[in-house]
Amino acid sequence: MFVNFFYELRRAGVPVSLTEWMTLMEALSKGLAYSSLSGFYYLARTVLVKSETYFDSYDVAFQNYFKGIETPADVVEQALEWLKKQIPPLMISPEERKMFQEWDLDKLRRELEERLRTQDGEHHGGSKWIGTGGRSRFGHGGYNPAGVRIGGESVNRSAVKVAAERRYRGYRSDETLGVRQFEVALRKLRQLTTSIDGEKDELDLDGTIDATCRNAGRLELVWGRSRKNNIKVVLMMDSGGSMDSYVDLCSQLFTAVNRSTHFKDLKFYYFHNCVYENVYVNPACISRYAVKTYDFLRNVDPEYRLIIVGDASMAPSELTMVGGAIDWTIMNNEPGLVWLERLAKHFRHAVWLNPIPAQWWDARVYYGGYTITLIRKLFPMFELTVDGLEQAVKKLKARF
Amino acid sequence: MELQEFKGTSNYIVSEDLRNSVNVSIALGRPLLIKGEPGTGKTMLARSIAEGLGLRLIVWNIKSTTKAQDGLYIYDTVQRLYDSQFGDHDVSDISQYIKMGKLGEAFLSEEPVVLLIDEIDKADLEFPNDLLWELDMMSFYIPETGVTITAKHRPIVIITSNAEKELPDAFLRRCIFHYINFPEPEMMANIIKVHHPDLEDRLINEAMEAFYWIRSLSGLQKRPSTSELLDWVQALTVGGISVDRIRKEIPLLGVLIKKNQDFDVILKRLNAQNTSKTRVRGQTLWG
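First to last, the sequence lines map onto chains Y and V.
Each residue of the first sequence is one higher than the one before, starting from 11 at the first, in the working numbering.
Each residue of the second sequence is one higher than the one before, starting from 182 at the first, in the working numbering.
Right, dumping it as structure tokens:
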């Protein structure tokens with residue numbers, strides 16, 4: 011029964027398993043759908059869908075299967091999806107900018123829809139198709155997804171209408187797949203303490219037996235120290251403009267690190283593009299939140315594991331020149347590279363996580379490749395993905 | 182024993198789809214996993230189910246240190262050792278040192294019960310995985326005594342989560358899932374009326390308008406939820422605040438808002454709103 015609905019769901023990206031499908035069949039045989047489509051809608055959702063982030067995909071699949079209508083809004087969403095995977099923005103000249111200004115909104119939208127119909131996939135760069143990094147009108151921000159919302163009035167609440175309303179659009183987050191995996195990867199970052207320090211809160215069985223025997227059989231409990239994770243972590247994040255495109259990914263990592271309760275200590279610092287005299291305790295890298303990098307190095311002992319998150323892409327001058335810092339307020343007397351080297355030397359274990367995919371780390375394919383190459387000489391660099399994080403954790407655990 | 186259907190109770194308003202989910206989970210004998218914003222009545226649901234069906238409620242509160250084992254049983258070895266010291270106790274019977282946890286208690290109960298596993302996401306990452314077998318088979322084995330504890334009646338298991346941690350897939354597959362939506366204004370009015378039946382409509386309307394206005398503000402750290410609205414309405418009536426002041430000043434804001442920064446945000450907006458009513462709010466951002 012409804013086998014195609016199962017495949018429809020999987021096509022829409024809802025992770026349905028056979029176990030759940032059999033549960034649904036069991037429920038149907040017990041008559042729990044109350045012989046109505048809306049009954050079936052809720053029943054199938056409650057049994058098959060296990061996260062509110064998939065409710066929207068479920069609605070789409072339900073709609074497709076039971077009505078066979080295609081939603082233009084979906085196509086728009088697809089386009090927005092393409093736009094998320096940005097390559098760094100292109101600089102545009104004033105003449106070009108003038109060209110853009112002559113467009114009015116309605117025309118823009120009409121043309122977007124037109125183009126959506128003809129475009130067949132992701133497209134980055136270039137000047138016509140929807141994508142990022144190019145000159146297309148449909149690449150930069152400004153297109154409002156809410157404007158093309160579809161879905162009927164909710165009057166009689168028939169199931170297909172509820173599905174068509176797609177009320178769970180807001181919960182959709184195809185990006186959330188990471189947090190748990192990140193957490194699991196981070197759990198491996200542990201190194202147990204020796205039994206020298208810590209609370210005595212674990213029963214030492216051998217010791218107890220020994221002591222009790224010495225005590226002529228009268229029970230004497232001996233407590234030992236439980237072994238705890240001894241790893242201390244300092245996380246430094248680039249919060250500069252070029253990182254904006256990766257803000258989702260970075261916040262996933264941030265959440266995962268923050269939730270990891272197994273570190274002995276955890277510190278967060280921020281910088282803008284490159285580390286200079288100051289690091290910051292707040293993502294807004296302004297002087298109010300500044301900490302002298304020298305003080306930072308004094309306070310954070312070399313045993314800390316340093317994880318730097320940044321795209322490592324900047325103008326070469328920011329890295330190699332005195333006074334090259336991107337912020338006007340900073341007049342760095344030493345080039346950024348010197349500071350980075352200082353960090354790399356101070357910490358015995360340090361890694362750099364880069365949200366830019368590894369295939370772009372080459373100066374020949376991407377303008378930031380040059381500085382990436384320079385920084386890779388100082389820090390082992392890994393992609394900011396679950397795999398990359400796992401490799402980084404391995405690197406951080408290695409003893410010398 | 183055939184369990185009857187859950188229809189909601191007089192002091193807990195349940196939406197149609199939530200009611201369906203509860204009944205599906207009861208009929209299939211699967212745990213019901215409830216997610217939703219804090220304060221949307223996840224925990225209250227279990228109480229309501231227990232009350233509505235006339236069953237005993239067993240609550241297992243999960244903390245960050247809770248282990249799956251704690252819910253099954255605890256073997257008090259230290260007590261047994263002490264008891265064995267002077268030979269005045271018979272310690273050969275290990276079962277007297279086995280203490281049932283909440284899950285064990287639910288399994289052993291003579292009549293069907295509702296078991297609430299509250300805030301499962303507080304526990305360690307692996308916690309839900311450790312309970313898979315027990316929740317699936319509704320039984321567990323005690324190696325110390327060689328006894329297998331099997332549920333006399335399959336308990337109705339309600340699990341709540343605040344989504345602080347993501348739950349493992351294997352666990353999710355075995356659950357029935359329901360997400361409690363934030364109530365629509367209409368539903369909210371009903372909820373308030375259930376809790377405070379004597380209030381005049383005007384007060385409810387004003388309070389709700391202020392409440393939804395606050396929730397619509399961007400940049401809040403923690404948006405107020407149903408339970409806070411209920412407290413606030415209570416505070417407004419007890420404090421004898423006149424209805425006209427509610428929307429304009431939002432008195433007793435501390436009941437609704439729990440974060441300092443949010444306080445500032447709301448007061449600032451409120452001032453801006455009161456001084457220039459004509460200003461157009463909500464500019465569209467293009468580009």
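Glycine included, C-beta positions come from ideal geometry on N, C-alpha and C.
Quantities reported herein were computed from a predicted structural model and do not represent experimental measurements.
Item checked: Residues near residue 244 of chain V in its chain [Cβ-Cβ closer than 8 angstroms; skip 5 each side] -> Excluding positions up to five away in sequence, the list reads 303, 304.
Notebook entry, point to check: With a cut-off of 7 angstroms, does the C-beta of residue 145 of chain Y fall near any C-beta of chain V?
Noted result: Here residue 145 of chain Y scores only 40 on pLDDT, less than 50, and its place in the model should not be relied on; the value that follows carries that caveat. For residue 145 of chain Y, the answer is no, since every Cβ of chain V falls outside 7 angstroms of its Cβ.
Margin query: Please report the straight-line C-alpha distance between residue 188 of chain V and residue 402 of chain Y, rounded to a whole angstrom.
Written below: 53 angstroms
Next item on the list: Please decide whether residue 77 of chain Y counts as near chain V, where near means a Cβ-Cβ distance under 7 angstroms.
Entry: no
Item checked: CB contact check: residue 218 of chain V to chain Y, cutoff 7 angstroms -> no
Checklist line | Per-residue DSSP class, three states only, for residue 327 of chain Y | finding: Under the three-state reduction of DSSP output, residue 327 of chain Y falls in the helix class.
Margin query: With distance defined between alpha-carbon atoms, name the residue in Y:232, Y:296, Y:60 nearest to residue 216 of chain Y.
Written below: Y:232
Notebook entry, point to check: From Y:306, Y:234, Y:263, Y:253, pick the residue whose C-alpha is nearest to that of residue 197 of chain Y; which is it?
Noted result: Y:263
Check: Between the C-alpha atoms of residue 43 of chain Y and residue 36 of chain Y, what's the straight-line distance to the nearest angstrom?
Finding: Computed Cα separation, rounded: 11 angstroms.
Next item on the list: State the DSSP-derived secondary structure class of residue 390 of chain V, mapped to helix, strand or coil.
Entry: Residue 390 of chain V: helix per DSSP, three-state reduction.
Item checked: Range of the contiguous beta strand (DSSP E) that encloses residue 233 of chain Y -> 233 to 235
Item checked: Bridge partners - residue 288 of chain Y, DSSP secondary structure assignment -> DSSP output for residue 288 of chain Y lists Y:302 as bridge partner(s).
Check: Listing by chain order, which chain Y residues have their CB less than 7 angstroms from the CB of residue 249 of chain V?
Finding: The contacting residues do not exist; residue 249 of chain V stays about 17 angstroms from chain Y at best.
Margin query: Give me the chain Y residues within the contact set of residue 359 of chain V, using Cβ-Cβ distance strictly less than 8 angstroms, ordered along the chain.
Written below: 56
Next item on the list: Give the interface partners of residue 262 of chain V over in chain Y, defined as CB-CB distance under 9 angstroms, in chain order.
Entry: Residues of chain Y whose Cβ lies closer than 9 angstroms to the Cβ of residue 262 of chain V are, in chain order, 218, 222, 229, 231.
Item checked: Endpoints, the beta strand (DSSP E) within which residue 276 of chain Y is located -> Segment 275 to 281, the beta strand (DSSP E) holding residue 276 of chain Y.
Margin query: For residue 195 of chain Y, would you say it is in contact with chain V, using Cβ-to-Cβ distances shorter than 7 angstroms as the test?
Written below: no
Check: Hey, would you say residue 221 of chain Y sits closer than 7 angstroms to residue 230 of chain Y, going by beta carbons?
Finding: yes
Next item on the list: Would you decide whether residue 260 of chain Y is buried or exposed? Buried here means 16 or more other CB atoms lie within 10 Å of its CB.
Entry: buried
Next item on the list: Taking residue 73 of chain Y as the reference, give the member of Y:61, Y:50, Y:63 with the closest Cα.
Entry: Y:50
Margin query: Our contact map puts residue 235 of chain Y next to residue 210 of chain Y with C-beta atoms below 8 angstroms; I'd like the distance itself, whole angstroms only.
Written below: 5 angstroms
Note to self: For residue 393 of chain Y, list the residues DSSP reports as bridge partners.
What the structure shows: Y:364
Notebook entry, point to check: So which of Y:25, Y:40, Y:313 has the shortest CA-CA distance to residue 358 of chain Y?
Noted result: Y:313
Item checked: Alpha carbon of residue 236 of chain V to alpha carbon of residue 287 of chain V, nearest angstrom -> Computed Cα separation, rounded: 12 angstroms.
Next item on the list: Specify the secondary structure class of residue 371 of chain Y as computed by DSSP and reduced to three states.
Entry: Collapsing the DSSP output to three states places residue 371 of chain Y in coil.
Item checked: Nearest candidate by alpha-carbon position, reference residue 407 of chain V, set V:370, V:242, V:427, V:443 -> Of the listed residues, the one whose Cα sits closest to residue 407 of chain V is V:370.
Notebook entry, point to check: Taking buried to mean at least 16 other C-beta atoms within 10 Å of its own C-beta, is residue 329 of chain V buried or exposed?
Noted result: exposed
Item checked: Cross-chain neighbours of residue 37 of chain Y in chain V, by beta carbon under 8 angstroms -> The contacting residues are 205, 208, 209.
Check: Shorter than 7 angstroms from the beta carbon of residue 1 of chain Y to some beta carbon of chain V?
Finding: In the structure as shown, chain Y starts at 11 and stops at 410, and residue 1 of chain Y therefore has no counterpart that could be examined.
Check: Per DSSP, which one or two residues make a beta bridge with residue 217 of chain V?
Finding: V:361
Item checked: 7 angstroms Cβ cutoff, residue 387 of chain Y in contact with chain V -> no
Next item on the list: Look at the alpha carbon of residue 396 of chain V and the alpha carbon of residue 403 of chain V, and state the distance between them as a whole number of angstroms.
Entry: 9 angstroms
Next item on the list: Keeping to the same chain, check which residues put their C-beta closer than 6 angstroms to that of residue 312 of chain V; ignore five residues upstream and five downstream.
Entry: 249
Check: Do you know offhand how far residue 205 of chain V's Cα is from residue 62 of chain Y's?
Finding: 18 angstroms
Margin query: So, for residue 420 of chain V: in the same chain, excluding its five sequence neighbours on each side, which residues have a beta-carbon less than 7 angstroms away from its beta-carbon?
Written below: So the list reads 433, once near-sequence residues are dropped.
Notebook entry, point to check: Nearest CA to the CA of residue 70 of chain Y: which residue from Y:18, Y:226, Y:396, Y:270?
Noted result: Among Y:18, Y:226, Y:396, Y:270, the Cα nearest to that of residue 70 of chain Y is on Y:18.
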